[in-house]
Amino acid sequence: MGKLIGEAVRRVEDRRFITGKATYTDDIKLPGMTYAYIVRSPYAHARIQQIDTSRAQAAPGVIAVFTGEDVKDVNGLPCGWQVNFRNGDTMKEPKHPLLVADKVRHVGDNVAMIVAESREQAKDAAELLDIEYEVLDAVTDPAKAIEEGAPLVHEDVPRNICFDWEIGDKAKTDKAFADADHVVSLEFRNQRLVPNAIEPRSAIGVYDAARDKYTLYTSSQNPHLIRLLLCAFVLGIPEHKVRVVSPDVGGGFGSKIFHYAEEALVTWAARQVGRPIKWTAERSESFVTDAHGRDHVTRAEMAFDKKGKIVGLRVSTVANMGAYLSTFAPAIPTYLHGTLLQGVYDTPAIYCEITAVFTHTTPVDAYRGAGRPEATYLLERLVDTGARELGMDPAEIRRINFIPPFDGVKQPGYQTQVALQYDSGNYEATLNRALEIIGYHQLRHEQEEARKQGRYLGIGFSTYIEACGIAPSAVVGALGARAGLYESSVVRVQPTGKVTVYTGSHAHGQGHETTFAQIVADTLGVPLEDVEVVHGDTEAVPFGMGTYGSRSLAVGGSALRKGLDKVIEKGTKIAAHLLEAAEEDLEFADGEWTVKGTDKKITFGEVALAAYVPHNFPEGMEPGLEFSTFYDPANFTFPFGTHIAVVEVDPETGKVTLKRYVAVDDVGTVINPLIVDGQVHGGIAQGIGQALLEEAVYDENGELLASSFLEYAIPRADDLVSFEVDRTVTPCPHNPLGVKGAGETGTIASTAAVVNAVIDALAPLGIKDLQMPLTPQRVWQAIQQVQAS
Amino acid sequence: MYPAPFEYHRARSVDEALSLLSQYGEAAKLIAGGHSLLPMMKLRLATPAHVIDIRTIQGLQYIEDRGDYIAIGAGTPHAMIEQSELLRAKMPLLSQAAAVIGDPQIRNMGTIGGSLAHADPAADYPAAVLAAEAQLVATGESGERVIPVEEFFVDLFQTDLDEREILTEIRVPAISENTRCAYRKFPHPASRFAVVGCAAVVTMENNRCSDVRIAFTGVASTAFRDTGVEDALKAQPLTSQSIEKAAALAAENDELEIMEDHFATEDYRRHLAKVFARRTLNQIASAF
Chain H
1 MGKLIGEAVR RVEDRRFITG KATYTDDIKL PGMTYAYIVR SPYAHARIQQ IDTSRAQAAP
61 GVIAVFTGED VKDVNGLPCG WQVNFRNGDT MKEPKHPLLV ADKVRHVGDN VAMIVAESRE
121 QAKDAAELLD IEYEVLDAVT DPAKAIEEGA PLVHEDVPRN ICFDWEIGDK AKTDKAFADA
181 DHVVSLEFRN QRLVPNAIEP RSAIGVYDAA RDKYTLYTSS QNPHLIRLLL CAFVLGIPEH
241 KVRVVSPDVG GGFGSKIFHY AEEALVTWAA RQVGRPIKWT AERSESFVTD AHGRDHVTRA
301 EMAFDKKGKI VGLRVSTVAN MGAYLSTFAP AIPTYLHGTL LQGVYDTPAI YCEITAVFTH
361 TTPVDAYRGA GRPEATYLLE RLVDTGAREL GMDPAEIRRI NFIPPFDGVK QPGYQTQVAL
421 QYDSGNYEAT LNRALEIIGY HQLRHEQEEA RKQGRYLGIG FSTYIEACGI APSAVVGALG
481 ARAGLYESSV VRVQPTGKVT VYTGSHAHGQ GHETTFAQIV ADTLGVPLED VEVVHGDTEA
541 VPFGMGTYGS RSLAVGGSAL RKGLDKVIEK GTKIAAHLLE AAEEDLEFAD GEWTVKGTDK
601 KITFGEVALA AYVPHNFPEG MEPGLEFSTF YDPANFTFPF GTHIAVVEVD PETGKVTLKR
661 YVAVDDVGTV INPLIVDGQV HGGIAQGIGQ ALLEEAVYDE NGELLASSFL EYAIPRADDL
721 VSFEVDRTVT PCPHNPLGVK GAGETGTIAS TAAVVNAVID ALAPLGIKDL QMPLTPQRVW
781 QAIQQVQAS
Chain P
790 MYPAPFEYHR ARSVDEALSL LSQYGEAAKL IAGGHSLLPM MKLRLATPAH VIDIRTIQGL
850 QYIEDRGDYI AIGAGTPHAM IEQSELLRAK MPLLSQAAAV IGDPQIRNMG TIGGSLAHAD
910 PAADYPAAVL AAEAQLVATG ESGERVIPVE EFFVDLFQTD LDEREILTEI RVPAISENTR
970 CAYRKFPHPA SRFAVVGCAA VVTMENNRCS DVRIAFTGVA STAFRDTGVE DALKAQPLTS
1030 QSIEKAAALA AENDELEIME DHFATEDYRR HLAKVFARRT LNQIASAF
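As you go down the protein sequences, you meet chains H and P in turn. Numbered according to our numbering, the first sequence spans residues 1 to 789. Numbered according to our numbering, the second sequence spans residues 790 to 1077.
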């Protein structure tokens, strides 16, 4: 017992994960199981002229073959966030069919589903499905997609524009630029990434005819959201007739937030076939069907005065939506990107415009950080570029531009130029700590010495802010969300004093079963092993919104904490009755109620027993000790921090080697530092992946070139260094735990830090800009170019 | 992930494998460690109807000193080659190349024979065996045939092996006391195959290079010996100047079909070949 909040408790879930005993969707075996294989388009854009299913139907083991014709009366996949055009028109939202009947619009688009007795038979039969395609011209580059005459992804969407959108004060910003002493600008692509969760997506559809009831097992980050979209929008089945279970899920990084066609198809077809149907993606399918991330083409400018104060920011981005709108796609470049452009700087004028476009590519949606890495990248690149051009130290230019500290209690929150109000922040403190850890002055000295020896050492900064736990529901509704963004909990105290808690958030690597149990054990004063955390089953947990956007602890943890408070409140009444004392004379600590100033006490277990065996109970009180809570936060939370990367570049090969990496994050109150460190480490690695290695490249025909781990490089241990991680603590003022969120900070910060470091390394050669990922060839070519000119 | 249907045969001897090969002809593929064939089968890029497993054949895993040369059984996994005291002492080039193949799991499963017979243009061994002037022993129904390594690599994924032959042994000459060798590679960040791999063997007599063998992998459609670099160093002292001059000639043979992909253009690959020729030769120079 004792205080558990803040303790580095080892993850209780790891026993089953590291012993191979976890139950992922694909591990579930049901009697009579059949297997689905999805036949996918090999073309980016083609008209389906004819599908002859006869040979596939006759193949060994085949039970059914479904094509677009079979589902033409079924609704398409819905989009969960509406963004309007600047002129007020609603965004273009073409149907995203479960199986395509007319035209395929990206490599991997769903054309048919074959159900067979085994996976192998289903896949073998797929080769016998005769499909005639008329191949059409494709467009994959979002900047080209809006040009007149570009191939149209949807005939009724002119120039492929899904919507255009703006935020900030254009006139004020233009004036700030006109009056500025110095303007820096960058044009770049924040390249497309493949999420690559370790567990491929998987779904099992079950229909119980006797009870007229469906079950969908799916590797999802949010089972209730999937149930809502599946029932209310796609299949039109009453929600109480559908159970959605997300068992152990092996990572998501955002890609398992969204509702995918396969989930609806196996559920729908399970009834047609009369047997359970399992579908599991092969890795090569994951590459072309899991929603991708990023893919912004951006022009960004920052205006400074003579002293290096930022006076304006102007951003114009074309955001690639892919071929269809994925569940939250419209929100990413807008409300999770445009609204973050204040960063940690006191910039007085900001304007951002976004054009969202369709292309013949895999849909793009939230990927770890989702909009915030794109915002941080452009801000941090611009600030560093400004420092270089103005001859200032990159640490100092940040220092003079930081928003001054505010705790959100004594000082009010900070109202940005782009709608959001920050909760609390002390940005300079993280910079100071990071400079101290890295030994900044000494490091600059080493850099100078290295340069004298012809070695290219670089130091890169990223001082970032992120927005977690987006809320409250009324605000996000006004911004176009078609869902609420609260979270739920049920705290069920068992008669013996053991505690089972049910959360609407969902763990797929984050360690909720440990962190949430720590909150329960710490609050109720019960041993950690007396707490069970349940999530992921719509028939077990209350309606919840799942896990993404670093929301679990800030929103779900707070819902839990509020439920625990109700338990203590009722427990106090029961204890007062049993101790024959006044409630106000009791104090609750370490799992016991004590009458102040006496040795009269009663344990939590005794109160729990009394609640369920209410022989001697307060008059009129309901028996039991169980509470259901819904928590809708007052605001987002805003973690922040300073990351510093040190790299060395081999100018002959262009290879970048990381030498050191320091991260000082402020994620508010920390429940479990071990888990936070793990999240930060993984996040940093993923952001470095974008900086140096990863890129989902399409060729001109719309074929994904990096479509396997042979070509698509995700970072491995030997690409990285041992991260030096520290924290400051500025609690969130508006939630009961003071927590902010730690799932994405690393990814948001690290990409810009590394790119800034490489440019700093190569600055003596005259290099000012590099396009991501900084592959050896790109770096080498850039060096060749500056040396030739 | 799920290969096309195939029939699996476990051969207990080379003779049995040969008779299965003869029976199934083009429809058959040999498998040893599986690290070249299985990835292609999973993607259905290879769809052999019959897979003949030669991994468990007794007597294909060995590294033996035969006086004139060291004999390596074709079924010897990379890890054994990496760790072999015999090779490290007498022909360290192969151990150096084996040590940088893939990761430990791959090195425990993959075999030298499988890698060479697959003839991936970016695999590590081809450069090493070329620079080592190895001989490759192919066994067919009519007996053994010794193939000099310079005749072995025909084209992309093509070797001089007949489809009814099995590569059974690799013979590498031991190096003399005044010989040094090195293998360096620039790995692709995803596959860890060589974007450029450079193997070199240099023998010095009277402070001059009496024998220079330098071979590249990853650069062109097959691994190749670079005679331009070799000739420039012959009879020269091994200094940073002579190395610099010779290395600048790397990958300049007009007949080379230099590979190009998204990660590395032809120009960049050729440039890397020069850089790695220089670095490999400098490493050798510093070992004398």
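The C-beta atom is built at its ideal place from N, Cα and C for all residues, glycine as well. Keep in mind that this is a model prediction, so the values were computed, not measured.
Item, Value
"Contact set between P:Ala979 and chain H, taken where Cβ atoms lie within less than 7 Å", "Phe709, Leu710, Glu711, Tyr712 and Ala713"
"Residues bridged to H:Gly425 (per DSSP)", "H:Phe406"
"Closer than 8 Å to chain H by CB, P:Phe1077", "no"
"When H:Ala22, H:Gly504, H:Asp530 and H:Gly460 are compared against H:Asn222, the one with the closest alpha-carbon", "H:Gly504"
"Neighbour-count burial assignment, H:Ser789, 16 or more Cβ in a 10 Å radius", "exposed"
"Interface flag, H:Glu808 vs chain P, CB-CB below 8 Å", "Shown here, chain H extends from 1 to 789; a query on residue 808 of chain H therefore has no answer."
"Status (buried if at least 16 other CB within 10 Å, exposed otherwise) for H:Phe17", "exposed"
"The segment 751-758 of chain H touching the segment 1019-1034 of chain P, judged by at least three CB pairs closer than 8 Å", "no"
"Within 8 Å, strictly: CB atoms of H:Phe604 and H:Gly556", "no"
"Segments assigned alpha helix (DSSP H), at least 4 residues, entirely inside the segment 90-141 of chain H", "119-126"
"Beta strand (DSSP E) runs contained entirely in the segment 818-850 of chain P, provided each spans 3 or more residues", "839-842"
"H:Ala300: first and last residue of the uninterrupted beta strand (DSSP E) it sits in", "His296 to Phe304"
"Alpha-carbon to alpha-carbon, H:Glu263 and H:Ala64", "17 Å"
"Residue interval of the beta strand (DSSP E) (run including H:Glu724)", "Glu724 to Arg727"
"Outcome for H:Val739 when other beta-carbon atoms lying within 10 angstroms are tallied against a minimum of 16", "buried"
"Stretch pair the segment 635-644 of chain H + the segment 523-542 of chain H: three plus CB contacts closer than 8 Å", "no"
"P:Thr1054 at chain H interface by Cβ criterion, 8 Å", "yes"
"Cβ-Cβ separation, H:Ala8 to H:Pro673 (assumed contact under 8 Å), whole Å", "5 Å"
"Three-state secondary structure (DSSP) of H:Gly484", "coil"
"Cutoff 7 Å; reference P:His907; Cβ partners in own chain excluding five residues on either side", "Ser825 and Phe946"
"Assigned exposure category for H:Thr289 - 16 Cβ within 10 Å defines buried", "buried"
"Assumed close pair H:Arg192, H:Glu744 - CB separation to whole angstroms, cut-off 8 Å", "At roughly 18 Å, the Cβ-Cβ gap does not stay under 8 Å, so H:Arg192 and H:Glu744 are not in contact."
"Chain P within 8 Å of H:Lys123, Cβ atoms only", "yes"
"Residues of its chain near H:Val779, where Cβ-Cβ distance is below 6 Å and the 5 sequence neighbours each way are ignored", "Gly654"
"Environment of H:Met113 [buried if 16+ CB atoms lie within 10 Å]", "buried"
"Simplified DSSP assignment, three categories, for P:Glu815", "helix"
"Residue from P:Leu1038, P:Glu958 and P:Pro837 whose Cα sits closest to the Cα of P:Ser904", "P:Glu958"
"At least three beta-carbon pairs within less than 8 Å, the segment 275-295 of chain H to the segment 178-198 of chain H", "yes"
"Stretch-stretch touch, CB-based, cutoff 8 Å, three pairs: the segment 32-43 of chain H with the segment 99-110 of chain H", "yes"
"Proximal chain H residues relative to P:Val1064, where beta-carbon distance stays under 7 Å", "Glu652 and Thr653"
"For H:His360, three-class secondary structure by DSSP", "coil"
"Selected residue, minimal CA-CA separation from H:Ala170, among H:Leu77, H:Thr751, H:Asn735 and H:Arg314", "Looking at the sequence shown, residue 170 of chain H is not Ala but Lys. Cα-wise, what sits closest to H:Lys170 is H:Arg314."
"Distance, P:Ile852 Cα to H:Ala717 Cα", "32 Å"
"Segments assigned alpha helix (DSSP H), at least 4 residues, entirely inside the segment 848-917 of chain P", "867-872, 874-879, 881-888, 893-898 and 901-907"
"H:Tyr548 beta carbon less than 8 Å from that of H:Ile332", "no"
"Outcome for P:Met830 when other beta-carbon atoms lying within 10 angstroms are tallied against a minimum of 16", "buried"
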